[in-house]
Structure formats: C-alpha cells, structure tokens
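Data block below; observations after.
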Amino acid sequence: MIENCWNILVATEQEQLKLGAALAKFVLPRLVIYLTGDLGAGKTTLSRGILTGFGYQGKVKSPTYTLVEPYEFETFIIYHFDLYRLVDPEELELLGIRDYFHDTSIVLIEWPTKGQPLLPEPDIRIDIKMLTQGRQLCLTAHSLKGQQILQQLCA
Numbered sequence: 305m306i307e308n309c310w311n312i313l314v315a316t317e318q319e320q321l322k323l324g325a326a327l328a329k330f331v332l333p334r335l336v337i338y339l340t341g342d343l344g345a346g347k348t349t350l351s352r353g354i355l356t357g358f359g360y361q362g363k364v365k366s367p368t369y370t371l372v373e374p375y376e377f378e379t380f381i382i383y384h385f386d387l388y389r390l391v392d393p394e395e396l397e398l399l400g401i402r403d404y405f406h407d408t409s410i411v412l413i414e415w416p417t418k419g420q421p422l423l424p425e426p427d428i429r430i431d432i433k434m435l436t437q438g439r440q441l442c443l444t445a446h447s448l449k450g451q452q453i454l455q456q457l458c459a
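In structure tokens:
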C-alpha cells in the first residue's frame, strides 16, 4: 500500500470547491475516493467541486437517504455514496454494491468505514478536519494511480 499524505489548508467553502474541481482534472474512471470527516466537515462540498470540475451544472445533494446518487457523463459515470445512515454493511449487498465499481465509474464514498469490509480499498483517501478557520485536508494515495493523481494535483 502506498501512503503519501499531502496536507492542504482551505480557508473557505469556495476554496474547497476549487480544490475538488482541480482534482477532477486528473481523475480518471476506475477510481475510488474515500471522503472522511465529521458531520459538516465538507465531504459533500468537495464532491460537488469534483462534479463541477467535470462540467456538471445541476444540484449536487448529499445522498444520505438514498445512499447513492449517479451522475452520468458522456464516457463515464460518477457514483456518489453517503453511507452515514447505513445500519449494516450487508445493506450494500442488497444494493448490488459490486456493480458500481467498473471500468467507466468513478466512486466517491462518504463515511466509508460504515461499509467495511464490503468496499474495495480506495485509490485516494481524503480526510477532512475542521479547524477554527477553514479545513485541513489530508489527501493520501493508496494505489499507484492515486499517487500519480495526487502528485499532479499537488505539483
């Protein structure tokens, strides 16, 4: 497992959206990104930034009650999961969780610990910590692909 952590400070929600959009420039299908942090840390904000970075212009809502929201693009699909309300990881089996990880998907997962052990390892894990002013994001690569993406983003 590759573990290089890049720490990034963002002062505002707008900066967090810009970081997500910048990350989207390097993200390719067949990628899994875990988003962790306390309630209100900005996991959905970062997801919204990633989606807008790909050109999505609609409303991006947290899929807290639906568990997953799909966003279809011309050649790939982004699945945005929010597992906060997941009671038992076995619920993911009923949802057909394995079907979401394929060659044309990018999967964003908020609260990934609630889906263990049924989720694949991430390529990138983003831990968001709330500060008095802004947020600290620790971006960690867990695969070679993830490392290449973060090196490009943080160059």
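In this text, residue positions in the sequence shown follow our numbering: the first is 305, and each later residue adds one.
We put the beta carbon where it would ideally sit given N, CA and C, even for glycine.
Inset, instruction - Output yes or no for whether 8 Å exceeds the beta carbon distance between Thr368 and Ala325. - result: Position 64 of the sequence shown, counted from the start, is the residue given in the question as residue 368. Position 21 of the sequence shown, counted from the start, is the residue given in the question as residue 325. Taking 8 Å as the Cβ cut-off, Thr368 and Ala325 do not qualify as a contacting pair.
Inset, instruction - Give a yes or no on contact between the segment 313-325 and the segment 392-402, applying the rule of three or more CB pairs nearer than 8 Å. - result: No, the segment 313-325 does not touch the segment 392-402.
Legend entry - Collapsed DSSP secondary structure at Gln361 in the structure displayed: Counted from its first residue, the sequence shown places residue 361 at position 57. Of the three classes helix, strand and coil, the one that applies to Gln361 here is coil, per DSSP.
Inset, instruction - Tell me whether Gly344 is buried or exposed, calling it buried when 16 or more other Cβ atoms sit within 10 Å of its Cβ. - result: One-based indexing of the sequence shown puts residue 344 at position 40. Flag for Gly344 reads exposed.
Inset, instruction - Select from Thr417, Pro424, Gln318, Ile428 the residue whose C-alpha is nearest the C-alpha of Val467. - result: The requested residue 467 does not occur in the structure, where the chain is confined to residues 305 to 459.
Legend entry - Supposed contact pair Phe385 and Val372 - C-beta distance, whole angstroms, cut 8 Å: Within the sequence shown, residue 372 is the residue found at index 68, counting from 1. Within the sequence shown, residue 385 is the residue found at index 81, counting from 1. That pair is a contact at about 5 Å.
Inset, instruction - Measure the C-alpha to C-alpha separation of Leu335 and Ser409 and round it to an integer number of angstroms. - result: As a working note, residue 335 is residue 31 in the sequence shown. As a working note, residue 409 is residue 105 in the sequence shown. If I take the Cα positions, the gap works out to 7 Å.
Inset, instruction - Answer yes or no: do Ile413 and Tyr338 have a C-beta to C-beta separation smaller than 8 Å? - result: Sequence index remark: in the sequence shown, residue 413 carries index 109 (1-based). Sequence index remark: in the sequence shown, residue 338 carries index 34 (1-based). Yes.
Legend entry - Span of the alpha helix (DSSP H) around Ile401: The residue you call residue 401 lines up with position 97 of the sequence shown. Unbroken run through Ile401: none, as it is neither H nor E.
Inset, instruction - Measure the CB-CB distance between Glu317 and Gly346 and report whether it falls below 8 Å. - result: Here the question's residue 317 lines up with position 13 in the sequence shown. Here the question's residue 346 lines up with position 42 in the sequence shown. Yes, they are a contact pair.
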